[in-house]
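A short write-up of the structure that comes next.
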Amino acid sequence: MPTHEFVLANVENGVWIESFDLEPSAQLELAGSDRWSVTKRRLHGGLSDGIDVVTLDNGELSLSVLPTRGMGIWKGQYHDTELSWKSPVAFPVNPSFVDLFDRQGLGWLNGFNELLCRCGLSWNGPPGMDAVEDEDGNSTESELTLHGRVANLPAHSVVLKVVTEGKGSISVTGVVDETSMFGPWLRLTSTVTLQAGSNEFVVEDRVTNMGGTVAECQLLYHTNVGQPFLGADSRFVAPIRQVAPRDERAAEGIGDYSTYRGPEAGYAEQVYYMDLKPDSSGESSVLLRNSAGDKGLKLSYTTGPLPCFALWKNTQCEADGYVTGLEPATNFPNFKSFERRQSRVLNLKPNESHECRLRFAVYDSADDVSRVEGEILNLQGNSHPQVFDEPRPEWSDVGA
Amino acid sequence: MPTHEFVLANVENGVWIESFDLEPSAQLELAGSDRWSVTKRRLHGGLSDGIDVVTLDNGELSLSVLPTRGMGIWKGQYHDTELSWKSPVAFPVNPSFVDLFDRQGLGWLNGFNELLCRCGLSWNGPPGMDAVEDEDGNSTESELTLHGRVANLPAHSVVLKVVTEGKGSISVTGVVDETSMFGPWLRLTSTVTLQAGSNEFVVEDRVTNMGGTVAECQLLYHTNVGQPFLGADSRFVAPIRQVAPRDERAAEGIGDYSTYRGPEAGYAEQVYYMDLKPDSSGESSVLLRNSAGDKGLKLSYTTGPLPCFALWKNTQCEADGYVTGLEPATNFPNFKSFERRQSRVLNLKPNESHECRLRFAVYDSADDVSRVEGEILNLQGNSHPQVFDEPRPEWSDVGA
Amino acid sequence: MPTHEFVLANVENGVWIESFDLEPSAQLELAGSDRWSVTKRRLHGGLSDGIDVVTLDNGELSLSVLPTRGMGIWKGQYHDTELSWKSPVAFPVNPSFVDLFDRQGLGWLNGFNELLCRCGLSWNGPPGMDAVEDEDGNSTESELTLHGRVANLPAHSVVLKVVTEGKGSISVTGVVDETSMFGPWLRLTSTVTLQAGSNEFVVEDRVTNMGGTVAECQLLYHTNVGQPFLGADSRFVAPIRQVAPRDERAAEGIGDYSTYRGPEAGYAEQVYYMDLKPDSSGESSVLLRNSAGDKGLKLSYTTGPLPCFALWKNTQCEADGYVTGLEPATNFPNFKSFERRQSRVLNLKPNESHECRLRFAVYDSADDVSRVEGEILNLQGNSHPQVFDEPRPEWSDVGA
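Protein chains in written order, with my numbering: chain A, 38 to 437; chain B, 38 to 437; chain C, 38 to 437.
What follows is the structure, given as structure tokens:
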């Protein structure tokens, strides 16, 4: 039997495993590595009290997945290189301690420290009052909080899978419901997979409208990376069709949008919106590489379901969070009502799903980084990026 | 000794039992059934993390009580028939994850899925800003959230009792404090009792003003039922003196207020307010019966402490929550300030209590359903219900 | 080795001890007492679910410290005398159940019942909208809630220390981060120490700006005492330079500011602001003594870092919380923007710390109380307190 399943949590059936350890055994071997492992722990104390952490290790690359925080990926490690950033929020925060309405709707920031954090499912972007008209012209107001609810919703089902076919792989699947009585009911089913011995991990998500009427949906993958990938003169490499600053602050740096500065106290964030070019399979790739060119993180994803890309440059001093965000999304992270007018809000019919696929690869040799950079430049080809010096009115709320 | 007590939780004394199982034994037998049991479990994972569930089973009927959610009753089962409804919120939600201020004061809906959910204790009804004048004419504003706090407050004391007298019974008593420094301090002491082998359960509640000054109190029993009791052509049977629609939407359906439609996507709720007739013992009864007349749920309660009754018809499609609410209460669920003007807000003196008693009986045979319906019609007698086509200004906030 | 360390919680390393007990042993003896002990428990059930309690007992005096509630001190006991008050909130409340925005920003009161509760770290005082101008003249608004966040933030590190030198001592140190992405990052490191066999406990706190830019800081020690120290004709004794009522309500009682009334239903709180005189070592002391003069609680603290003192008289009936507050602070507990204008808000540079030291001593004999009262009167000396009949405009927001 090529697939072994282990239920780590299932609220419906009253199943929940406090502590779990899996290692290679005579009964369970993967061809790709003899050092893979899976562990599951519950954290206690501080704001992390009650946080479940599932750590997948394929022998080369390890990832800590947080079912308690919407299947976010806390951090990773590839050989000796950490995949993470240092947020002022040092540890995973149990959503029970997060008041999304804190700081005038910015409470999401009180728990923000992951390598990969989803923004959605009903909305993402800044907080504010969203007025929606129904078919009869009646307006309903909703108070949106920064980046939505999903990152602060725990999975009610967590299943580990070990597949022995080929090189073998380990994966964890979590199911998260964003719902309310009289509200939309969106279900995220997220699977993170590592092939044994590989430098890659794959995120496959499905968002399903479980309700009986059409539901709006927005989804953004807030992928956050710090040192050693990010540093002075690190570079962002991508096959860009168009790029524009989000606002005047970003416009100041449009000439250097693809390079980074070192940590600076008081640096104000700059965000660039982009339209990226997919390859013939429909996938596009971006690379963050350090100045020396011997550390690189590549994010590849299917652009169809995620047509928008935002680059978040936040090169503040280390203590305040030196980080950049690589953010494929269904939309640009403007306020939802603006995105709705731009037709960048999904409308899912009952039982309709939206599926996204992202692949992350880590490189720690100059050869590999150089090769990957070449592949992306090759995809860019002769078509130079169209660079807008000012915010585009159809992309940015501030551009009007 | 006819009474056996088991302390499942007592915060004051540092007692809390993670897992508890009780079954008939040579030392503990009940004449009414040899298949009764009590279990207590803690749920983990998802939004249910930390929820305690006490399941009472009298051999015929089982109930899952939630001390963590204000002694609400999650669901039940009588023989093969489920006593529940399918909320889009699939599992019990720990109040630590519920922000009552979410959705402009409708956050209560994020955790709403019980068979029996109390609305109170200081207020129930819709959210809004309640201005209260004190004796000196000073106005204080309070921001009320939908249906109050009590359903999202955990019991700090949970005691199981097994009484061997007569047929024998099992019961659980929880104590819930709704309090704050400089706020009212209302204590709910709730006991749910099942006689061994019976098709009934009894809820006996006492709300006590523990504070040093007069405290306002409102209490509504949001009893929520879905299939198989509810379905197309199910009927609501009650000894009605007066019935009126809550608002214009309900007025549209006043001609069919006592019958139900099948599930419909987009159905907008209809609510009917009623004055019910008690029998000579002071108890009134309502029945929800299915179209075939072979499934029925009867709710009997003492009308003195609960003079108002609301019927909530919410026959949305199954995915959005196909459900009806049978809701005896101290008041009609209008905004508190309106109810105060109508003298339908209790004023409890220090140490004064308000006691309520509700009995629920489940029937799964045509004979029983028919008999119970007959009893209610008999109580109605020749006095036809007075049916108001429009909202009554003294019952509905919108009627003015 | 004179110091023994026990890590009770360390989120970073995944350490957390559910239950801990330490008593004198052949390997661990303290000269000052052979009856000392330390226990650590986790509470379950009610709103206390998930609360960790560390109880230090030096053989004469015991204290219950709450790492889960910002290292607040729940209660204590000296011989047969309880150090506590009876809040309507009977048990410690897990911050996950506290919505600071409840009751228009007064949600802090939903969890308020400690003997010692810190108000801070970024602000204390009443709720409201605080507008701050940055260097460029841009105004940012922050919605402040009553008395800040720190009392509702759990410690992510808890370490017990037993020192065998001299009489020996037991202490617990907790580390609490008040932080957010894009927010200030203030770290409280708090140590509570009891010397074996002593009637004293010492609180040593350090607040450090962990962020990369200057951060504001306010800190108030809300020390709350009820019976038997507080009662009719109890007295507050302190070396006062100046004392003024906070507002008109307090002005009514300025003639009796230092004496207390018995419990009265409906009593409205009175608060007095003071400038206290330190001794030659920089420490000042206040005493709360009962009418009989045989129970006394002395609070001594270094006035340099805590130049302001507030006396909170809240002699409501027992059921509503009969209590007085002795409150040394960096500021007076007015709204933050007023305190900022009065230059009573700290500005901590990156890595700068603010250190406070408070000593509490309990007395249960007339001789001791009389002696301590004499010491304070001696410090007062011939310099009579300057008593303001009305609020001072530089001390009170309402005085303008």
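From the three backbone atoms N, C-alpha and C, an ideal C-beta is built for every residue, glycine too.
Nothing here was measured: the structure is a model prediction, and the numbers come from that model.
C-alpha gap between residue i and residue j, whole angstroms
i	j	result
histidine 193 of chain B	asparagine 47 of chain B	6 Å
lysine 335 of chain A	proline 315 of chain A	14 Å
glycine 82 of chain C	tryptophan 53 of chain B	7 Å
glutamate 253 of chain C	tyrosine 115 of chain C	37 Å
threonine 92 of chain B	valine 209 of chain B	9 Å
isoleucine 413 of chain B	serine 318 of chain B	14 Å
glycine 330 of chain C	valine 406 of chain C	6 Å
arginine 78 of chain B	glutamine 423 of chain B	48 Å
glutamate 320 of chain B	proline 365 of chain B	12 Å
phenylalanine 273 of chain B	glutamine 379 of chain A	48 Å
phenylalanine 149 of chain A	glutamate 215 of chain A	19 Å
asparagine 419 of chain A	proline 276 of chain A	10 Å
glutamine 307 of chain A	glutamate 42 of chain A	44 Å
valine 438 of chain B	glycine 211 of chain A	Lying before the first or after the last residue shown, residue 438 of chain B is absent from chain B, which here runs from 38 to 437.
leucine 190 of chain B	valine 213 of chain B	7 Å
threonine 250 of chain A	glycine 303 of chain B	7 Å
proline 109 of chain C	alanine 63 of chain B	According to the sequence shown, residue 109 of chain C is glycine rather than proline. Whole-angstrom Cα-Cα distance: 49 Å.
Beta-carbon contacts of residue i that lie in its chain and below 8 Å, excluding the five residues immediately before and after
i	result
valine 267 of chain A	The identity of residue 267 of chain A in the sequence shown is leucine, whereas the question assumes valine. For leucine 267 of chain A, where only same-chain residues beyond five positions count, the Cβ hits under 8 Å are Trp122, Tyr297, Leu325, Asn327, Thr352, Tyr359, Val360 and Thr361.
glutamine 141 of chain C	Pro164
alanine 403 of chain A	Ala329, Gly330 and Asp331
Beta-carbon contacts of residue i that lie in its chain and below 6 Å, excluding the five residues immediately before and after
i	result
serine 374 of chain A	Asp167
valine 427 of chain C	It should be noted that the sequence gives glutamate, not valine, for residue 427 of chain C. Once the five neighbours on either side are set aside, the close Cβ partners of glutamate 427 of chain C are Ala288.
glycine 205 of chain C	Leu67, Ala68, Gly69 and Ala233
tyrosine 338 of chain C	Pro365 and Leu395
lysine 350 of chain B	Gln307 and Thr361
threonine 118 of chain B	Asp401
valine 280 of chain A	Tyr309, Met311, Pro422 and Val424
glutamine 417 of chain B	Pro276
glycine 436 of chain B	Note on glycine 436 of chain B: pLDDT 46, under 50, position unreliable in the model; the coordinate value appears next. Cβ neighbours of glycine 436 of chain B beyond the five flanking positions: Pro428, Arg429 and Pro430.
threonine 230 of chain A	Ser206, Ser208 and Val239
isoleucine 291 of chain C	Pro282 and Asp426
serine 176 of chain A	Ala168 and Glu170
Cut-off 7 Å between Cβ atoms - residues of its own chain near residue i, not counting five sequence neighbours on either side
i	result
glycine 263 of chain A	Ser121, Trp122, Lys123, Tyr359 and Val360
aspartate 434 of chain B	Asn371, Phe372 and Phe375
glutamate 237 of chain A	Arg396, Phe397 and Ala398
glycine 11 of chain B	Because chain B spans 38 through 437 in this model, residue 11 of chain B falls outside it and cannot be assessed.
asparagine 131 of chain A	Leu84, Ser85, Asp86, Gly87, Ile88 and Thr105
aspartate 284 of chain B	Pro428, Ser433 and Val435
Residue(s) in a DSSP beta bridge with residue i
i	result
histidine 259 of chain C	C:Cys154
valine 240 of chain B	B:Val229 and B:Leu395
alanine 287 of chain C	Paired residues: none, contrary to the question.
lysine 198 of chain C	C:Glu42 and C:Ser208
isoleucine 110 of chain A	A:Val102 and A:Leu153
tryptophan 73 of chain C	Note: tryptophan 73 of chain C sits in no beta bridge, so no partner.
valine 213 of chain C	C:Leu225
phenylalanine 346 of chain C	C:Met311 and C:Pro365
valine 280 of chain A	A:Met311 and A:Val424
Within chain E, the residues that residue i reaches when beta carbons sit closer than 8 Å
i	result
phenylalanine 149 of chain B	The displayed structure is made up of protein chains A, B and C, and chain E is not among them.
Those runs of the beta strand (DSSP E) which lie wholly inside the segment 296-327 of chain A and span at least 3 residues: List check, beta strand (DSSP E) in window: 307-313 and 320-326.
At least 3 beta-carbon pairs within less than 8 Å: the segment 167-187 of chain A vs the segment 85-105 of chain A: Two segments are said to touch when three or more pairs of C-beta atoms, one from each, lie closer than 8 Å; by this definition the segment 167-187 of chain A does not touch the segment 85-105 of chain A.
Every unbroken beta strand (DSSP E) within the segment 362-427 of chain A, with a cutoff of 3 residues, ordered by chain: Complete beta strand (DSSP E) runs here, min 3: 383-385 and 390-400.
Ordered list of alpha helix (DSSP H) runs contained in the segment 121-190 of chain B, each at least 4 residues: Scanning the segment 121-190 of chain B for uninterrupted alpha helix (DSSP H) segments of 4 residues or longer gives 139-142, listed from N- to C-terminal end.
Cβ contact check for the segment 217-227 of chain B and the segment 236-247 of chain B: 3 or more pairs under 8 Å: At 8 Å Cβ cutoff, the stretches touch.
Touch test, the segment 306-314 of chain A against the segment 332-348 of chain A, Cβ-Cβ under 8 Å, three pairs minimum: Counting Cβ pairs under 8 Å, three or more are found: they touch.
Sufficient close CB pairs (3 or more, under 8 Å) joining the segment 159-178 of chain A to the segment 55-73 of chain A: Contact between the segment 159-178 of chain A and the segment 55-73 of chain A is not established, with fewer than three Cβ pairs separated by less than 8 Å.
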